[in-house]
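Residues in the sequence shown are numbered consecutively from 3, following this note's numbering.
The C-beta atom is built at its ideal place from N, Cα and C for all residues, glycine as well.
The structure presented is a predicted model; accordingly, all values stated were derived computationally and were not measured.
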Amino acid sequence: MEMIKPSSILRDYNKVIDEVQDGEPIVLTKNGVGKVVMVNIDEWQRKQAEMWLLTELNRAEQDFGEGKDIDEFAKKYKLGEFSE
């Protein structure tokens with residue numbers, strides 16, 4: 003679960019960085035409304051990879067629905083030949 007903090011905590015930048023490094027995201031608020039989320043770089047990279055994978059899976063499902071075969075997919079991703 004993320005921690006919700008006022009943006010004024012940025013005055014103690016090093017403490018904020020330490021808290022983010024502990025793993026949980028921090029939601030910074032302005033006037034009580036969430037404005038920014040801070041996450042550590044490992045979590046950010048993990049989420050970016052996850053979004054890329056989900057996007058590619060969605061594209062593959064669309065390709066399959068359009069009748070494209072596995073060899074077209076393999077060529078697109080330079081995976082080699084699959085059919086015999």
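Item                                                                                                                           : Value
State the Cα-Cα distance for the pair Asn42 and Ile11, rounded to the nearest angstrom.                                        : 17 angstroms
I'd like to confirm the pairing. Which residues does DSSP put opposite Ile91 in its beta bridges?                              : Outside the displayed span of the chain (3 to 86) sits residue 91, for which this structure offers no information.
So the candidates are Ser9, Gly34 and Met40; which of them puts its Cα closest to the Cα of Asp20?                             : Met40
Taking only the alpha-carbon atoms, compute the straight-line gap between Lys37 and Gly69 and give it to the nearest angstrom. : 43 angstroms
Report buried or exposed for Ile6, applying the criterion of at least 16 other Cβ atoms within 10 angstroms of its Cβ.         : exposed
I need the boundaries of the alpha helix (DSSP H) containing Ile72, first residue and last residue.                            : Ile72 to Lys78
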